[in-house]
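One structure below.
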Amino acid sequence: MTEIILKDVRKAYGDVEVIHGIDLSIDSGKFVVFVGPSGCGKSTLLRIIAGLEGVTSGDVVIDGDVVNAQPASERGLAMVFQSYALYPHMSVYKNMAFGLENSKMPREEIEKRVNDAASMLQITPYLKRRPKALSGGQRQRVAIGRAIVRDPKAFLFDEPLSNLDAELRVAMRKELAGLHAKLGGTMIYVTHDQVEAMTLANTIVVLNAGRIEQVGAPLDLYNRPQNTFVAGFIGSPRMNLVDAAAEASDGRIELVTGPQRIAISSSIRITRSDKITFGARPEHIEIVDEKDADIAATVDLSEQLGGETYLYCTPEGMPQLTVHQLGQLPVHRGQEIHLRFDRAAMHLFDGDGRVIANGIPQ
Amino acid sequence: MISRLNRLLVLGTAAMGLMVGTALAETELRITWYNDGNEGEVMRGILDRYEAVNPDVKVTLDVVPYKAILESLPVQLAAGEGPDMARVTDLGGLSEHYLDLRPHVSDPAYWETNFGPFLKWLRQPGDDSAISGFMTQLTVTGPYVNKTLFEQAGVELPGDGATWDDWAVAVREVADKLEIPIPMAWDRSGHRVSGPAISMGAKMFDADGNPALVDDGLKTMAGKLYDWHQDGTMPKELWGSVSGSQYLGANEDFANAQVAMYMSGSWQIPQFADKIGDAFDWWAVPAPCGPAACTGMPGGAALVALKTSEHPEEVGKLMDFLSSEEVLNEFYGKTLFIPGHLGLAANGVEFHTDDPRAKHALETFAAAVPGISPTAFDLQGYVYNRVMFNALISRLGEAIVGELTLDEAYDRMTQDVEQQIAEKERGG
Amino acid sequence: MADAQTASGRSIAGLLTARRGGASWHWTDVFTYVYLAFGVCLMFGPVLWLALSSFKTPAGLLEFPPTLLPLGQIEVEVDGHDKPLPLYKVTMEDGTVRELAQIRRIGIIAQMVDPNDPETSIRVPIASREPIREFRVAWENYTKPLERFNFLTYLNNSVIVTVVATLITLLINSMAAFGLAIYEFKGRNAVMLFVIGTLMIPITIILVPAYLVVTQLNMVNTLWAVILPGAATPTGVFLLRQYMLTLPRDLIEAARMDKASEWAIYWRIVLPLSLPAIAVLAIFSVMWRWNDFLWPLVVLNRSEVYTLQIGLNAFQGELDVQWHYVLAMTVVTLIPVALVFAFLQRFITTGIASTGMK
Amino acid sequence: MAHQSPAEIDNPTFGERFNAVAAWPMRVLFGLLETPFRALQRILGIGRMPYIFLLPNLAFFGIFVIVPLIINFAFSVTGGDELFLNERPYVGGEQYSYLADCGSYLDPQSCREDRFWRGIYNTITFVFFQVAFMVLFSLVTALILNREIRGRGFFRAAFFFPVLLSPVVVALIWKWILLRDGVLNAGLTSIGFERILFFVDPTWSMFWAIFVSIWAHMGFYTLILLAGLQAIPPDLYEAAEMDGTKRERVFWRITLPLLWPNLLVVIVLALIKAVQIFDEVFVLTGGGPGTATQFIVQYIYTTGFANQVQNFGLAAAASVVLGVVLFVLTLVQLAVTRRKEDG
């Protein structure tokens, strides 16, 4: 059981700093997912933990030891690469045994471990094959198997599913979750796909431009994003975020965007501010009668999926909104509909994008 | 398993191979040698007999391409990495590396008597006592004619005392009548040209003994060569191709009956005997005349002892054996070389051939030796004669193909000789 | 060469069918086949001609116009003569043609005899006779020089030089290439500039200084003098590095995560994966070493350390180029080249294409 | 991802088995080196390991190339014909000024060392034509070998074959063909032409020098270009076909631009090789007729090695000059490849 702590970790290439002081504590046995758009530094951070990159300043602490100076080979971690990085000239068995041979493990022990891992991952029939004779999913399992046999202090995954097709990705996702349940080791997982992050993680770390935006459990992030970046990044389709001005009138607060005015409860303490952002997830916008509506909008496109419907509609003077409804809706292009934001699930952010409120009382 | 064993064997032999070069218990003498014909085999036979009598000595002939004698050996000698003995042709040029055997041979007087004029060729300037080796082969330059072609054309062979011009007229007539492509061919070699040039009056040296390559005599000869190339008497393939001082011979063409007259030398005899046989009558004729003389150039290859040897005693002993009249008689006789031993030259060598043409040629060349001009001997004995030869052929060649005028070529010859000797002198 | 024959047979069949996508004949199709046919003749023809010529007698070589196949004059036993006599076809004065054996030739008259009638000798002008010849291979062009020289020793030396030098070259070049391809370190660009800069220095230029160095190291007349100086080839480093740069970096990092030492990464991961490039370098190295002439000639002057190239050229004398030996010995040195080519041609060409100076 | 039957994969092929056996001594050797290298790595750290890997190569290189280069430079500022530097008198830049002593640099005849300048001009002529035709023929051959023809492997190998021959052998082969009584002249006479004495005519000599060197090396460059051609995505051609583009236009607008990086490599490599030309031509034409095919390396070789007075100083000076030229070419190559990588 392994605990990994990053203390003010910074990384610069020449004059360009790409990681700007990360503090993070990863508890033993947790499945932690680093998520963020490409170029946010999540892979770099993972490689810093792995020991494949040095830090410019700060400390990487594994089980209480500062390992900054330790090369990757001595940190006792295992990594699954995006490209799988299987050795093309070795059989599957050799691929899995390679790391064990390097640590001078007795032959019988190696054999036992490889066979155990292979049967767990159901790749026993392929042990003699070369990687190029395997399918993508099988290669993925070998890459994981290679990590498992090592019995590492922690598993590091660098976008391991991104080379698989959609169906396989879903299946492997489930298996990975099952694997974590079975092995129980500390796992750090990097992905740009928030669905993977939501489904796999105990803890999600959202990274952007070399900084941590928010750390938390998946639903915590979903329900209580701390800033517009997390709000927009977590959840699919993404949250509708609308820039508005807040105006107080009649003891109420109105969010003004273009000609539209949306009144919300004044229990929220907002000072009059020119710039504010409010957000509502597609499933938190209801289609209502005109009298109950906050705004009217024209439907640009309706996607009927059978069990659910996505509507893309534009209220006058506002950016396009995505609306999610269960069931089938008889709505067509150009039709005018009336929408209401579910106040309890509405998010307000200030001009810097920091959260003011997650959910507004009626 | 088998392949594993093989591998070990291969590695083993490889290791052994790399260690070769370590000394053996007995005295080993090394001779760097090159071959034009069968002389290597003959020498090996003689050495085998020597080894049988002297079991503590082993003599190895390291046969190399001639190129190595000319180019690599000087560098090796300069670096102190040479063999015990070597067969060389740059007799004077390498003389600083020769070992003086005088203290090591049993009878220096024998050497003086029988090799006297040739010992001088091997000495450094100013030295008049060193004994460094003997001539494995004395060469005399001179022309061969295809007598059969002359007969077929019905042209008389110009007799004794005929000039080069007489010959040129005769061969052109032969070639015209028989449609032979090459009336006359000369080896592309400064050595070959020098004899006729001396015949034309070239002095080669000034009054102080310094080289003076270009004079009227040389110009006369060079002019003739130039003209003969222009009028088709001589083929441009020899002098007109290749650059610098490279040697080219017309022996193949002569053997193929494409040449009426071929200016080369005595060393061609063994291979003509071998290649031509009796396909036609190849006849050596006395050197044609010029106003000053009727001479060829002497020359040849010498077996010399080298300073790099660690066994001067043994080298001296071996040299005594090899230079003995009996051994040399066998050697010259079997190789069909003109003897470089005055006693043998006077008494005649028993040549091992029953080819009347070869016998005639050998007699002709041997008879020519006494008539060789002293200038030719001096030139052959001059340390930097190759510098002069090279300047002569390279520049004359450039003139013949039209890169230079004859006058420019003469200037360049003089300049080349001066520059190279100056560079040499600068090193001390 | 048999392989080449069948392959060309196949391709001739291919000529008729292989056009672009079954479209109608375009002038480029015709051009392609003409070009290829001409190219194959041009590439192999000269070598085959050399090989054929090497079986001719010296006299056969001198002939003009040359014959395609090696021929030798027929000799017949004639009663009353110790040696067999050469056979000629003679046009008699009356215009008839007879086969006669020549006893001797005096001047321009040949004294000849009919083998069936050995008693009467016939005088014939030499211009009217023509030798009768048959196909005959002059094996002696090969056997004589090979007997005269210590062929096996030279072969052994050549093989040792080629193998040891190639192994050393592969080892140190691949190590250097690994260092230059896998790591970022101070001075890397300087070393690369150096490597590429010296890519262009022909050995001819530094022959004498290099010889000086070798003498100072006491290596003259050992095979090391031939093996070591050319071992650190810039070409090899360059080629291997370019190839190693194309290996995925993930593999190296995966190996590091797998606790592999840097040395293990080199020989267990990078080396096996660079095999195509290594094979190309190996082939080039073998060819360089096998064909090397000028340098061994300078540093080796004892026959027990001669390589084949020196040994086989030793019959090139001062004054005589014996073409029949030159050609035959050239063919001897070509044999390994031809074998390498025949067995590895596919491998070589695809290997070079795949390393392809990326 | 190609689907293979398990049997095919599970049983090692003969080749694999052979490799496994052949690799055995290697495995032992490299395995033995593992421990010392691991120790080195522990002491020095990974960051210094590249120097360790470079060390053997650089050591050999330093001893056998760099030291001789330095000696060579020292030769060029000394005179005489002694081999050891301490016996050679210092002459400063004399050798260089001797080389540079010219009435007019455009006229070798006006130079003290006319052969050096002839060598330079001959080399320039040779390089210009040789590189131009080398690139042209390699390109044409590569284009043809890139077509869908059967037996492509064979043809590719056929064009590559001469690359394996030693320069001396290449020259001998062709000399044998081009001699006065050679097979080419036999062919010419049989169809009614006069014999041509190829090596007596400067133009023919230069022609054959260029021809033979192209013959010998073309295969290598062809393969590089072929690799480039095969790397061009076929969809581009298909797209062009859909657009109805003419073949000629396809060549100029698609093939050539995409092949440009490989073409540059070929041009630069061929250029460097051509400047170094020596053995092939030396054996073939002997540098003649006159000095018509005598190139700069032959000049250096003759001056420093083949002449009776081995003029190491002058030869070294000439080689330093050549070295500078080659270094400039190298920089050009670097710049070119750099740009290629960036583009």
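Chains as they are written, first to last, in the numbering used here: chain R, 1 to 362; chain C, 1001 to 1428; chain V, 2001 to 2358; chain X, 3001 to 3343.
Glycine is no exception: its CB is placed at the ideal position from the N, C-alpha and C atoms.
These numbers come from a predicted model, not from an experiment.
Rounded C-alpha distance that separates residue i from residue j
i	j	result
R:L6	R:G64	11 Å
C:G1490	C:N1256	Residue 1490 of chain C is absent from the model: chain C starts at 1001 and stops at 1428.
C:T1022	X:I3149	With a pLDDT of 43 at C:T1022, under the threshold of 50, the modelled position of this residue cannot be trusted; read the value that follows with caution. Rounded to whole angstroms, C:T1022 to X:I3149 spans 58 Å at the Cα level.
X:L3331	X:V3320	16 Å
V:F2151	X:V3170	23 Å
R:T314	R:S302	12 Å
C:A1025	V:L2167	Low confidence applies to C:A1025: its pLDDT is 49, below 50, so where it sits in the model is not reliable, and the reading given next is rough at best. One C-alpha to the other measures close to 33 Å.
R:L348	R:R261	15 Å
C:P1125	V:N2301	29 Å
X:A3186	X:I3173	16 Å
X:T3293	V:Y2088	45 Å
X:I3071	C:R1426	19 Å
C:G1290	C:A1409	22 Å
C:V1145	X:S3213	39 Å
V:P2125	V:I2106	10 Å
R:S266	R:I234	28 Å
For residue i, the first and last residue of its enclosing alpha helix (DSSP H)
i	result
C:Q1368	What sits at residue 1368 of chain C in the sequence shown is Ala, not Gln. C:A1368 -> alpha helix (DSSP H) spans 1356-1368.
C:A1086	Premise fails: C:A1086 lies in the beta strand (DSSP E), 1085-1088, not in any alpha helix (DSSP H).
V:W2295	2294-2299
R:S28	Careful: R:S28 lies outside any alpha helix (DSSP H) and carries neither H nor E.
X:D3101	Counting along the chain, X:D3101 falls outside any alpha helix (DSSP H), and DSSP gives it neither H nor E.
X:F3126	3114-3145
V:R2289	2275-2291
C:F1254	1251-1255
Segment limits, beta strand (DSSP E) that includes residue i
i	result
C:A1301	1298-1305
R:Q249	In the sequence as presented, Gln is not what sits at residue 249 of chain R; that position holds Ser. From DSSP, the beta strand (DSSP E) with R:S249 extends over 240-249.
C:M1261	1259-1265
C:T1141	1133-1146
R:L156	154-158
Exercise for the section: Give, in chain order, every unbroken run of the alpha helix (DSSP H) that is at least 4 residues long and sits entirely within the region 3196-3265 of chain X. Expected result: 3202-3230, 3234-3242, 3247-3250
Handout entry: Interfacial residues, the region 2179-2204 of chain V to chain R, with Cβ spacing under 8 Å
Key = none
Handout entry: Three CB pairs or more closer than 8 Å across the region 1336-1349 of chain C and the region 1114-1121 of chain C
Key = Yes, since at least three Cβ pairs between the region 1336-1349 of chain C and the region 1114-1121 of chain C fall closer than 8 Å, the two stretches touch.
Problem - At least three beta-carbon pairs within less than 8 Å, the region 2172-2188 of chain V to the region 3038-3057 of chain X - result: yes
Exercise for the section: Give, in chain order, every residue of the region 1083-1098 of chain C whose Cβ lies closer than 8 Å to some Cβ of chain X. Expected result: D1090, G1093
Practice task
Determine contact between the region 2154-2170 of chain V and the region 2219-2231 of chain V, defined as no fewer than three beta-carbon pairs at a distance below 8 Å.
Solution key: yes
Exercise for the section: Note down, one range per segment and in chain order, each beta strand (DSSP E) of at least 3 residues found wholly within the region 2029-2089 of chain V. Expected result: 2071-2073
Problem - Ranges of the beta strand (DSSP E) found wholly within the region 1366-1392 of chain C, counting only runs of at least 3 - result: none
Exercise for the section: Could you name the residues of the region 2209-2223 of chain V whose beta carbon sits closer than 8 Å to any beta carbon of chain C, in the order they occur along the chain? Expected result: Near chain C, meaning a CB-to-CB distance below 8 Å, the residues of the region 2209-2223 of chain V are Y2211, L2212, T2215, V2220, N2221, T2222, L2223.
Exercise for the section: Would you list, in sequence order, the uninterrupted alpha helix (DSSP H) runs of no fewer than 4 residues that lie entirely inside the region 1156-1218 of chain C? Expected result: 1164-1178, 1190-1199
Practice task
With 8 Å as the C-beta to C-beta threshold (strictly closer), list the residues of the region 3275-3294 of chain X near chain C in chain order.
Solution key: T3285, G3286, G3287, G3288, P3289, G3290, T3291, A3292, T3293, Q3294
Handout entry: alpha helix (DSSP H) runs wholly inside the region 15-59 of chain R, at least 4 long, in chain order
Key = The region 15-59 of chain R contains these whole alpha helix (DSSP H) runs: 42-50.
Practice task
Evaluate the contact criterion for the region 3267-3283 of chain X versus the region 1379-1387 of chain C: three or more CB pairs, one atom per stretch, below 8 Å.
Solution key: no
Handout entry: Segments of 3+ residues assigned as beta strand (DSSP E) that fall wholly inside the region 159-195 of chain R
Key = 186-191
Exercise for the section: Check each residue of the region 2280-2303 of chain V: if its Cβ is closer than 8 Å to any Cβ of chain C, include it; give the result in chain order. Expected result: Taking 8 Å as the cut-off between beta carbons, the residues of the region 2280-2303 of chain V near chain C are L2297, V2298, N2301, R2302, S2303, in sequence order.
Exercise for the section: Check distances from the C-beta atoms of the region 1226-1244 of chain C to those of chain X and list, in chain order, the residues that come in under 7 Å. Expected result: K1236, E1237, G1240, S1241, V1242, S1243, G1244
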